[in-house]
Ligand SMILES: [Zn+2]
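Residue numbers (our numbering): 1 to 452.
Set out below in structure tokens:
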């Protein structure tokens, strides 16, 4: 463990991190006026804003901290770790955040237990009050510096030093430990693309969840189509990716940024907002199926990595555009009728075998579909059947969604991989609920027998 130092601190925003330049030095040269430091920070306002996204404390918690500083109530130390010439905050981001916000005049103090004289006050309101402002400016915050290169130990320290009362998640820890150009890129991409946020909705943007998904995409993409080198568990796999590429050079950053943006824009335009969601077929109570509310990370992995290989050149994009409806139809079949695939994208989808299965299956499908000479299947065919008759040919009840339909012949059997060979579909064909057809033919049970 490091040593305990107390005194005024000096803060700068850099690389989206709160970095404390040599606190040892600062103890000796402690400035008397934190306001001045906050003014310096404004130069880096955009980084400050980015940091703000991870604000966890509510107004009352922030107010209580300021109240404590003014009333001389001791507050827990800030824990820092050394990274090169900088110091990264392990524990204390919320406290520093609260102080900066208050000094920036963006925090109005509130809460039952704070000093009456401070209630509903901003910094500007108390600045002229010598009682409050001088106490605040004299307030000290203890600092403890931890020196270790052991990554696991750092994780452990982050996880245990949790005095903010919130559990810090793995991506938040990575964001601190592996700061650098790669981390900056990931965080930048996470919040700048509206197509991306639409595609992964309703995932909560807080707590770096968007960043973790992007990291996951880049990490799998690096392994190529059949990720033999995936190393379980996912946490270590993602750590390794960030550690080994912490400081990407300009050309790598540019390439990654463009490919990511091309991929999400293309997927958004061509496949739309259900593409990362599982489809649950109906049940014996209600034959109609529906999409999951949340996205499925296993589907995200394969669709993002698969499509990202075809988005940087016009001719590749056109190749996908030509067979987009076939890809969609095949994917719907995989996620509803192929038990191995369903299992591979289910909960805990980061086991090695599951990762391999879903990549193998989706990439094989994709490369076969792209090679198809004739692309006569299109969603239009289904839509025309649906327009003619919305009723299920098997149960005779109305079908709610076009994605819930499967094309069957007059004997109520599915027409063999019709989405690959559209010419097989006769005009006299019909639509059925997926549930009705799968149930009638015992599809999901048959599937599992094959797998044993
Ligand atoms: Zn039906």
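The beta-carbon is built from N, C-alpha and C at its ideal position, and this holds for glycine as well.
Proximity test, residue i beta-carbon vs ligand 1 heavy atom, cut-off 8 Å
i           : result
residue 194 : no
residue 399 : yes
residue 438 : no
residue 430 : no
residue 287 : yes
residue 433 : yes
residue 281 : no
Contact under 9 Å by Cβ, residue i with residue j
i           : j           : result
residue 175 : residue 111 : no
residue 303 : residue 267 : yes
residue 374 : residue 357 : no
residue 392 : residue 365 : no
residue 402 : residue 424 : no
residue 421 : residue 378 : no
residue 405 : residue 414 : no
residue 336 : residue 438 : yes
residue 430 : residue 355 : no
residue 121 : residue 108 : yes
residue 80  : residue 146 : yes
residue 137 : residue 99  : no
residue 183 : residue 246 : yes
residue 273 : residue 190 : no
residue 262 : residue 312 : yes
Buried or exposed (CB count within 10 angstroms, at least 16 for buried), residue i
i           : result
residue 152 : exposed
residue 349 : buried
residue 283 : exposed
residue 427 : exposed
residue 445 : exposed
residue 87  : buried
residue 301 : buried
residue 29  : Its pLDDT being 25, under 50, residue 29 is placed unreliably by the model, and the measurement read from it follows with that caveat. That one is exposed.
residue 154 : buried
residue 105 : exposed
residue 167 : exposed
residue 43  : Its pLDDT being 35, under 50, residue 43 is placed unreliably by the model, and the measurement read from it follows with that caveat. Exposed, by the Cβ-count rule.
residue 63  : buried
residue 331 : buried
residue 23  : Low confidence applies to residue 23: its pLDDT is 33, below 50, so where it sits in the model is not reliable enough to give any reading.
residue 256 : buried
Distance cut-off 8 Å: residue i Cβ against heavy atoms of ligand 3
i           : result
residue 296 : Absence of ligand 3 from the depicted structure is noted, with ligand 1 being the only ligands included.
Three-state class that DSSP yields for residue i in the structure shown
i           : result
residue 345 : coil
residue 250 : helix
residue 167 : coil
residue 144 : strand
residue 414 : strand
residue 398 : strand
residue 391 : strand
residue 112 : coil
residue 268 : helix
residue 310 : coil
residue 176 : helix
residue 60  : helix
residue 285 : coil
residue 35  : Caution applies to residue 35, whose pLDDT of 35 falls short of 50 and renders its modelled position unreliable; the value that the coordinates give is listed next. Three-state result, residue 35: helix.
Per DSSP, the bridge partner or partners of residue i
i           : result
residue 290 : 280
residue 432 : 406
residue 91  : 79
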